[in-house]
Structure formats: C-alpha cells, structure tokens
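Mapped onto the numbering used here, the consecutive letters of the sequence shown carry residue numbers 127 to 338. C-beta atoms are modelled at their ideal positions from N, C-alpha and C, and glycine is treated no differently.
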Amino acid sequence: MQSSSEAHILDITRSSKYETYLHRCLTGPLSKRYRKRLAFLDTAIPCGFHKKLLIYKSEIIGTIEYSPSEISYYPIKGKDIVVMNCIWVLRKAKGHNFGRMLIKDMLEREKEASGFSTIGLTGHWSPWFRKEQMEHLGFKSLDSMSVVHMTKHRDRPFSIHLMWMPIAEDAVPPSWDQGRLLEGITACIAHPLYHPQSYKPQCIFQETRGQI
Numbered sequence: 127m128q129s130s131s132e133a134h135i136l137d138i139t140r141s142s143k144y145e146t147y148l149h150r151c152l153t154g155p156l157s158k159r160y161r162k163r164l165a166f167l168d169t170a171i172p173c174g175f176h177k178k179l180l181i182y183k184s185e186i187i188g189t190i191e192y193s194p195s196e197i198s199y200y201p202i203k204g205k206d207i208v209v210m211n212c213i214w215v216l217r218k219a220k221g222h223n224f225g226r227m228l229i230k231d232m233l234e235r236e237k238e239a240s241g242f243s244t245i246g247l248t249g250h251w252s253p254w255f256r257k258e259q260m261e262h263l264g265f266k267s268l269d270s271m272s273v274v275h276m277t278k279h280r281d282r283p284f285s286i287h288l289m290w291m292p293i294a295e296d297a298v299p300p301s302w303d304q305g306r307l308l309e310g311i312t313a314c315i316a317h318p319l320y321h322p323q324s325y326k327p328q329c330i331f332q333e334t335r336g337q338i
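Written out as structure tokens, the structure reads:
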C-alpha cells in the first residue's frame with residue numbers, strides 16, 4: 127500500500143450493499159444473523175449507532191463501530207460521551223495510520239461529544255483491543271479490573287481498562303459497571319469478551335486481585 131489518500135471511509139449502517147458487515151468481522155466465515163446481534167442493532171441504529179468500513183483500492187481493510195454511551199453494549203456511561211465498540215485494521219494494512227484515520231472520522235462526525243471512551247486489554251491472548259493500541263490512538267486508561275475467563279485459560283488472568291479521550295475542556299470522565307462487564311459481550315461473537323449463548327451462567331469472567 128502506498129498512500130492513505132487513496133482510502134475512503136463508508137458508513138454502512140443503512141447500506142444494503144455492505145449489510146452483511148453489520149453482522150460479521152472483516153475476515154473469516156460469514157456470521158449467522160444471530161438473535162442478540164439483531165436485537166442490538168434494531169435498538170442501536172435508530173439511536174445513533176454507526177459502523178463504518180475503511181476501503182483502499184476497492185478492498186475492505188478496516189472498520190470502526192461506535193454509538194452514544196446510552197446504547198453501547200459496553201456498560202460505560204457518561205454525559206455526551208460516544209463509546210467506540212470496535213476498531214480494527216487488517217495486519218497487512220499496518221503502517222499507514224489507517225487506525226488514526228478512522229478515529230479522526232469519528233471525532234469529526236460526532237462534534238457534539240464531550241469525549242470518547244472504549245476498553246483496552248492487557249495480558250489477553252487476543253491481538254485485539256490492546257491497551258497500548260488504544261493509547262496510540264489517543265485514549266488513556268482511567269480504571270482497570272483484573273479477571274479470568276471461566277472457560278478458557280483459567281491460569282491466565284488479564285486486565286480490562288476503561289479508556290478515555292476527552293474533547294471538551296469541561297468533559298466529565300465516564301464511569302463503568304464492572305459487575306455487568308463480568309457478564310461479557312453478547313452482541314459480537316468475535317469480541318475477546320464474548321459470552322457464548324452455550325455458556326449458561328450469568329458471568330463469563332471472574333474478578334481477581336492485582337493488575338496485569
């Protein structure tokens with residue numbers, strides 16, 4: 127890849143052409159239109175949810191998903207705060223600031239937001255949502271909790287961070303419900319914090335002492 131100027135960002139929230147990407151990640155097999163994702167989108171889209179694709183030379187190489195905190199599937203709350211649910215740029219597209227391009231677009235489109243929030247992970251086996259990646263994009267950690275997965279890598283605790291990017295001078299930092307976060311995420315099957323429907327207990331994570 128030679129120039130990020132040849133890339134463009136497309137909002138697919140109401141696009142029939144790319145509708146399948148509302149229900150799936152950039153790579154891998156097509157996800158089923160499963161009930162909890164559909165229920166989330168039915169509620170979130172009318173209330174300001176957006177999912178966008180980053181396209182370079184007709185190839186989809188990145189994505190970002192965000193919404194007002196009131197309808198995010200993260201238990202993050204705050205006044206006039208937008209929560210970034212997901213950001214991902216394919217490994218082959220690294221080194222061209224495409225992640226920052228997606229962030230810049232989000233900030234420019236959500237001018238009424240006092241700040242932006244998301245999560246970051248340290249010590250997790252997934253390459254996604256790493257805290258240092260979020261810091262590179264302009265977020266900082268406000269709080270964290272150490273947890274273990276109830277069905278995977280029980281001997282490998284990791285930390286979940288509440289990440290924050292204030293925009294307005296008087297922006298009030300967000301809060302989060304750590305108890306609800308222990309229940310995991312049900313609206314995205316590829317998420318590192320996903321709680322599969324096959325696991326019946328309410329919480330997919332257990333809090334531990336110490337930070338990773």
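ask   = Of the choices K220, I330, S270, I207, whose alpha-carbon is the least far from that of K278?
value = I330
task = Compute the beta-carbon to beta-carbon distance between G221 and M289, rounded to the nearest angstrom, for a pair I have assumed lies under 8 Å.
result = With 8 Å as the limit, G221 and M289 do not qualify as a contact, their Cβ atoms being about 23 Å apart.
First and last residue of the uninterrupted beta strand (DSSP E) at Q332 = 331 to 334
message = Going by the DSSP bridge assignment, what does W388 pair with across the sheet?
response = Past the edges of the chain, shown from 127 to 338, lies residue 388, and the structure says nothing about it.
request  = Please look up how many angstroms separate the CB atoms of I293 and G241, rounded, as I've assumed it's under 8 Å.
outcome  = 5 Å
Alpha-carbon spacing of C212 relative to F265, whole angstroms = 13 Å
ask   = Can you list the alpha helix (DSSP H) stretches of 4 or more residues lying completely in the stretch 285 to 322, in chain order?
value = 304 to 307
message = With distance defined between alpha-carbon atoms, name the residue in S198, T139, P194 nearest to K177.
response = T139
message = Once DSSP output is grouped into helix, strand and coil, what is the label at V149?
response = The sequence as given places His at residue 149; Val does not occur at that position. Of the three classes helix, strand and coil, the one that applies to H149 here is coil, per DSSP.
ask   = From M276 to Q332, what does the alpha carbon distance come to, in whole angstroms?
value = 7 Å
key: Three-state secondary structure assigned by DSSP to S195   = helix
inquiry  = I'd like to know whether the C-beta atoms of A313 and R150 end up nearer to each other than 9 Å.
reply    = no
request  = On the DSSP bridge assignment, give the partners of F175 in chain order.
outcome  = DSSP output for F175 lists no bridge partner at all.
key: Own chain partners of E191 with C-beta closer than 8 Å, once the 5 adjacent residues on each side are dropped   = F175, H176, K177, K178, M210, N211, C212, I213
ask   = DSSP state of K278, grouped into three classes?
value = coil
inquiry  = Quick check on the burial criterion: 16 or more other C-beta atoms within 10 angstroms. Buried or exposed for K257?
reply    = buried
ask   = Going by DSSP, which residues form a beta bridge with L136?
value = L179
request  = Write down the C-beta distance between L216 and I187 rounded to the nearest angstrom, noting that I regard them as a contact closer than 8 Å.
outcome  = 5 Å
query = So, are the CB atoms of R226 and G249 less than 9 Å apart?
reply = no
inquiry  = Does W251 pass the burial test, meaning 16 or more other C-beta atoms within 10 Å, or should it be called exposed?
reply    = exposed
ask   = Which class does K205 belong to by DSSP, given the choice of helix, strand or coil?
value = coil
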